[in-house]
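Data first, discussion second: the structure below is written as structure tokens.
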């Protein structure tokens, strides 16, 4: 089952905070890439939820018309 966008955003924040305090440049770069990936997952999940919400009323209406 898909995670909620809030979870993905929380993980992105954890990565951002860790990147801010790490003294190692390569680790910072890795954490910032991870942050970007978590943000992309959140955006994707929000888009999926929006598309699902658009389809849901249409499917319900078609079912009621039948």
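In the numbering used here, the protein residues as written are 13 to 78.
Glycine residues also receive a C-beta, built at the ideal position from the N, C-alpha and C atoms.
As the structure is a prediction and not an experimental result, all values here were calculated from the model.
(Q) I'd like to check one pair, residue 47 with residue 59: are the Cβ atoms closer than 7 Å? (A) Working through the chain shown from its first residue, we reach residue 59 at position 47. Working through the chain shown from its first residue, we reach residue 47 at position 35. Cβ distance not < 7 Å, so residue 59 and residue 47 don't count as in contact.
(Q) Using a 10 Å radius around the Cβ and a threshold of 16 neighbouring Cβ atoms, would you call residue 36 buried or exposed? (A) Against the chain shown, residue 36 aligns to sequence position 24. Per the 10 Å Cβ criterion, exposed.
Q: Please state whether DSSP places residue 35 in a helix, a strand or coil.
A: As a position in the chain shown, residue 35 is number 23, starting the count at 1. Three-state result, residue 35: coil.
Q: Indicate whether residue 51 and residue 18 have their beta-carbon atoms separated by less than 7 Å.
A: For this step, residue 51 is matched to residue 39 along the chain shown. For this step, residue 18 is matched to residue 6 along the chain shown. No. Outside cutoff.
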